[in-house]
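Notes follow the structure.
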Amino acid sequence: MEIIIDPKASNHPLSVRCEAEHRWIVPEGQFALWLGRSSSSADLMLAGRFHHQK
Numbered sequence: 035m036e037i038i039i040d041p042k043a044s045n046h047p048l049s050v051r052c053e054a055e056h057r058w059i060v061p062e063g064q065f066a067l068w069l070g071r072s073s074s075s076a077d078l079m080l081a082g083r084f085h086h087q088k
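For what it's worth, the numbering used here labels the leading residue of the sequence shown as 35, then goes sequentially.
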């Protein structure tokens with residue numbers, strides 16, 4: 035299975051709000067991808083990791 039995440043998509047999938055700059059930013063670094071049937075931590079499993087750099 036392949037999952038493609040566009041960090042520049044209009045829904046800001048990897049972004050956090052930077053209030054100092056009044057905009058959404060995508061921080062550099064390691065991200066973990068968790069999958070599950072609900073948001074309960076007991077139901078989630080680590081599906082992979084990826085690194086984002088500018």
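By construction, the Cβ of each residue, glycine as well, lies at the ideal position given by its N, Cα and C atoms.
- [ ] Return the chain-ordered list of same chain residues with a C-beta closer than 8 Å to the C-beta of R83, the five sequence neighbours on each side being excluded.
- [x] Q64, F65, A66, L67
Task: beta strand (DSSP E) segments (min. 3 residues) lying fully within the region 57-81 - done: 57-59, 63-69
TODO: Measure the alpha-carbon distance for I38 versus G70 and round it to whole angstroms.
DONE: 18 Å
Task: According to DSSP, residues forming a beta bridge with H46 - done: None; H46 has no bridge partner.
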